[in-house]
Amino acid sequence: MIVTVEKSQLEKLFNLIKKEYEIVAPVLREGVIGLSAVNSLNQLPFGYTEVEEKNFYRVEKSNDKYMFSYIRASFPYKRFLIPPEFTFLKVKRENGKLAFEELTIEKKYAFFDVRGCDLRGIEVLDNVFLKKNQHPDSYYEKVRKNLFIVSVTCRKPSDVCFCYSMGVCPKPKRGFDILITELDDVLLLETGTEKGEKFVKKLDYRDAREEEIEESKKIEKNCIKSLKRSLNTEGFPEILYRNIESNIWNEIGKRCFACTSCTQVCPTCFCFDIVEKNNVNEGLSERVRIYDSCFNPDFATVHRFNIRESIASRYRQWYMHKFAYWVDQFGEFGCVGCGRCITWCPASIDVTEEEKKIRKL
Amino acid sequence: MINIGVFKFASCDGCQLSFFEIVEEILKIGDINISFFLEAQSKNRFDEFDISFVEGSISTPEDIELIKKIREKSKKVVTIGACATSGGIQSIRNYLNYKEILEYVYPSPEYINSLEKSHPSSDFIEVDYELRGCPINKKHLLEVINSFLLNKTPNLPRYPVCLECKIKGNPCVLVLGKPCLGSITVAGCGSICPSYNRGCYGCFGPIEKPNIEHLQEIFKEKGFKGDMFEDILTSFNAYNRTYREQYEKES
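Residue numbers (this note's numbering), protein chains in the order written: chain V, 3 to 363; chain F, 20 to 270.
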């Protein structure tokens with residue numbers, strides 16, 4: 003259903019969802035928009051916006067009248083789908099025997115304000131962990147099954163965004179339970195599922211008028227028009243394979259710190275390590291799943307030898323995975339164009355600039 | 020029963036204090052005997068050790084003899100902290116004129132019998148594991164002891180501070196405009212400083228391939244003062260082999 007509600011109805015919607023879910027939403031904390039469990043709608047950073055550039059980030063008061071004036075959190079939602087670190091198995095010595103205990107994650111989250119890029123990010127992770135995986139990830143599956151998604155149409159992009167290049171629209175077409183588009187005077191609500199419809203029906207709504215739907219389309223068009231960055235994906239995997247031995251990787255390797263930041267702020271980077279934590283005094287062993295990164299020197303260390311010793315080879319692995327290997331593995335790109343890796347790279351490396359250089363090789 | 024020795028060379032004793040923080044855990048393991056630990060007990064015996072933990076840098080001729088003796092008598096030698104691993108803050112002198120400094124500090128320098136440089140243990144003996152930091156993380160101490168008992172390699176990070184910082188959910192303080200050495204510093208501290216909105220000052224020492232050159236450029240671009248080698252890295256881990264080699268290459 004496509005309906006229109008007064009802006010004041012947003013709080014009601016929030017509170018209805020809160021009754022059934024633990025809400026995770028963008029919040030402003032110490033000058034940075036992050037993600038956090040929230041209790042009230044006014045914890046969201048309404049009235050603020052981000053200024054983002056290569057290796058630069060600042061939050062300031064927005065000069066427009068919209069609630070959803072900010073763009074997106076500095077971190078993607080993935081850490082709520084797969085926690086950065088969690089114990090999934092405990093083995094304990096009990097009465098001379100070993101007792102095994104399997105732990106699962108019991109969470110019922112509603113993500114409140116997922117932008118197009120992050121929604122696509124979740125779709126990519128669904129393919130990685132579930133849909134295109136012969137061994138579906140039961141931990142991811144459990145949290146994902148309970149997930150409720152409220153999406154929001156982007157009114158304006160940040161200067162690092164290049165979502166449209168990656169096939170992502172500022173106004174999402176699928177994957178949400180409810181989609182909110184903030185118009186000048188009202189909110190346009192679109193439902194994607196029955197779950198979503200159930201909540202919207204409890205609001206004071208009326209059918210959306212033709213001109214309101216038109217206004218929402220115009221918002222999207224304007225947003226796409228104001229994108230400053232782009233990445234041309236046309237034939238890009240082939241170009242990358244052709245240049246796999248190019249000197250450009252060494253050149254980037256001189257700039258990259260291999261700090262792992264890009265992989266951690268990326269909505270689709272999914273690598274993890276499994277670590278055994280032993281505690282002799284309690285006769286306890288815990289198996290822990292923890293975020294890893296292809297920039298970690300231990301990542302490709304096999305029998306004491308790191309097969310990706312140089313930073314250049316690690317950067318090439320990451321970049322080629324995003325734009326070439328991922329296509330072979332999953333039939334799509336591993337990038338959604340959110341631009342976070344551009345903002346949060348302390349070495350000022352910009353994936354869109356590198357694309358242009360690689361095309362010229 | 021495993022036998023442990025804890026030794027001290029030129030240092031502030033801070034890393035040894037980490038043992039007092041894990042006393043309960045050690046006592047619970049039960050099969051541990053600490054036969055040498057001057058700071059903790061009055062009766063000490065120097066015999067054979069399963070693990071010897073070494074704090075402090077090697078800075079006198081006697082130190083060299085003792086560290087070699089410790090190596091001979093120990094199955095595993097583990098350095099604890101920046102001094103034993105990288106020469107410590109006192110190794111700043113390694114890049115200055117030794118004689119001049121001696122005259123500045125001591126009224127009668129002729130009584131001082133010290134090495135010209137402050138050395139990490141690994142300059143004289145083979146070290147099995149190095150625990151980084153000023154001070155170390157007590158969790159790493161337990162990891163080494165637990166791993167020895169289980170006959171496995173301890174799990175000590177080799178990745179930079181940034182990974183554990185991002186795992187904690189911190190935004191990058193360098194991007195936000197604070198000088199931070201996290202990207203070239205090995206993890207293990209729990210990214211304490213960035214978690215309090217401050218830059219990492221590198222007390223855990225360098226990762227294996229620190230991109231110091233480019234970090235210097237980024238620091239310059241952001242308007243942070245100071246030369247990486249002269250002012251910033253030659254501190255806690257001044258004589259770490261990685262910095263030492265780069266420094267010698269530069270000068």
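All C-beta atoms, glycine included, are put in the ideal place defined by N, C-alpha and C. Nothing here was measured: the structure is a model prediction, and the numbers come from that model.
- Query: Can you find at least 3 beta carbon pairs, one from the stretch 22-33 of chain F and one from the stretch 46-58 of chain F, that sit closer than 8 Å?
  - Reply: yes
- Query: Taking C-alpha atoms, which residue in F:GLU240, F:GLU267, F:GLY242 and F:CYS184 lies nearest to GLU249 (chain F)?
  - Reply: F:GLU267
- Message: I need the straight-line Cα distance from GLY169 (chain V) to VAL338 (chain V), nearest angstrom please.
- Response: 8 Å
- Item | Contact set between CYS181 (chain F) and chain V, taken where Cβ atoms lie within less than 7 Å | CYS261, THR262 and SER263
- Item | Residues sharing a beta bridge with ILE276 (chain V), DSSP | V:ARG291
- Item | Inter-residue spacing [alpha-carbon to alpha-carbon] between ASN65 (chain V) and LYS158 (chain V) | 13 Å
- Starting from ILE237 (chain F), find everything on chain V with Cβ-Cβ shorter than 8 Å and list it in chain order. ASN57, PRO348, ALA349 and SER350
- What does DSSP give as the partner residues of ASN283 (chain V) in its beta bridges? DSSP lists no partner for ASN283 (chain V).
- Task: Starting from ARG60 (chain V), trace the beta strand (DSSP E) both ways and give me its first and last residue.
- Result: 58-63
- As assigned by DSSP and simplified to three states, the class of ALA112 (chain V): strand
- Query: Mind checking whether GLY341 (chain V) and ARG231 (chain V) have CB atoms under 8 Å apart?
  - Reply: yes
- When you compare only the Cα positions, how much space is there between CYS258 (chain V) and LEU185 (chain V)? 42 Å
- Task: Kindly indicate if chain F contains any beta-carbon less than 8 Å away from that of PHE102 (chain V).
- Result: no
- Query: Is there contact between the stretch 344-358 of chain V and the stretch 178-195 of chain F, where contact requires at least three CB pairs shorter than 8 Å?
  - Reply: yes
- Item | the stretch 149-175 of chain V: positions lying closer than 9 Å to chain F by Cβ | none
- Item | Check whether LYS1 (chain V) and THR106 (chain V) have beta carbons under 8 Å apart | In the structure as shown, chain V starts at 3 and stops at 363, and residue 1 (chain V) therefore has no counterpart that could be examined.
- Item | Alpha-carbon spacing of SER205 (chain V) relative to CYS199 (chain F), whole angstroms | Checking the sequence, you will find Leu at residue 205 (chain V) rather than Ser. Rounded to the nearest angstrom, the two C-alpha atoms are 49 Å apart.
- Task: Could I get the ranges of all uninterrupted beta strand (DSSP E) runs contained in the stretch 124-177 of chain F, with 3 residues as the minimum, in chain order?
- Result: 148-150
- Item | Assigned secondary structure, ASN31 (chain V) (DSSP; H/G/I helix, E/B strand, else coil) | According to the sequence displayed, residue 31 (chain V) carries Arg and not Asn. ARG31 (chain V) falls in the strand class under three-state DSSP.
- Message: List, in chain order, every chain F residue whose beta-carbon is nearer than 8 Å to that of GLY36 (chain V).
- Response: GLY188 and PRO190
- Do the CB positions of SER30 (chain F) and GLU74 (chain F) come within less than 8 Å of each other? yes
- Local conformation of ARG231 (chain V) per DSSP, three classes: coil
- Task: With distances taken Cα to Cα, identify the nearest neighbour of PRO85 (chain V) among V:LYS358, V:LYS359 and V:ASP294.
- Result: V:ASP294
- Item | C-alpha distance - PRO139 (chain F) paired with ILE226 (chain F), whole-angstrom precision | 17 Å
- Message: Rounded to the nearest angstrom, what separates GLU183 (chain F) and GLN266 (chain V) at their Cα positions?
- Response: 10 Å
- Would you check if the distance between the CB atom of PRO269 (chain V) and the CB atom of CYS119 (chain V) is smaller than 8 Å? yes
- Message: Could you tell me which whole beta strand (DSSP E) segments of length 3 or greater appear in the stretch 182-232 of chain V?
- Response: 188-193 and 207-209
- Item | For VAL154 (chain V), the nearest candidate out of V:GLU125, V:LYS99 and V:GLU222 (CA to CA) | V:GLU222
- Task: With a threshold of 7 Å, establish whether the CB of SER127 (chain F) neighbours any heavy atom of the ligand NAP.
- Result: Ligands are entirely absent from the displayed structure, and the ligand NAP is therefore not among its contents.
- Query: Are CYS181 (chain F) and ALA101 (chain F) close, meaning C-beta to C-beta below 8 Å?
  - Reply: no
- Can you name, in chain order, every residue of its own chain whose Cβ lies under 8 Å from the Cβ of LEU91 (chain V), other than the five neighbours on each side? PHE102, GLU103, GLU104, LEU105, GLU288 and ARG289
- Item | Endpoints, alpha helix (DSSP H) assigned at ILE19 (chain V) | 11-22
- Task: For chain V, find out if any of its Cβ atoms is closer than 8 Å to the Cβ of GLY202 (chain F); answer yes or no.
- Result: It is worth fixing the name first, because residue 202 (chain F) is Ser in this sequence and not Gly. Closer than 8 Å to some Cβ of chain V, the Cβ of SER202 (chain F) qualifies, so yes.
- Message: Could you compute how far the alpha carbon of ILE120 (chain F) sits from the alpha carbon of ARG112 (chain F)?
- Response: 8 Å
- So, ARG177 (chain F) versus PHE223 (chain F), is the Cβ gap smaller than 8 Å? no
- Taking only the alpha-carbon atoms, compute the straight-line gap between SER145 (chain F) and LEU134 (chain F) and give it to the nearest angstrom. This sequence places Glu at residue 145 (chain F); Ser is not what is there. Cα-Cα distance, rounded: 20 Å.
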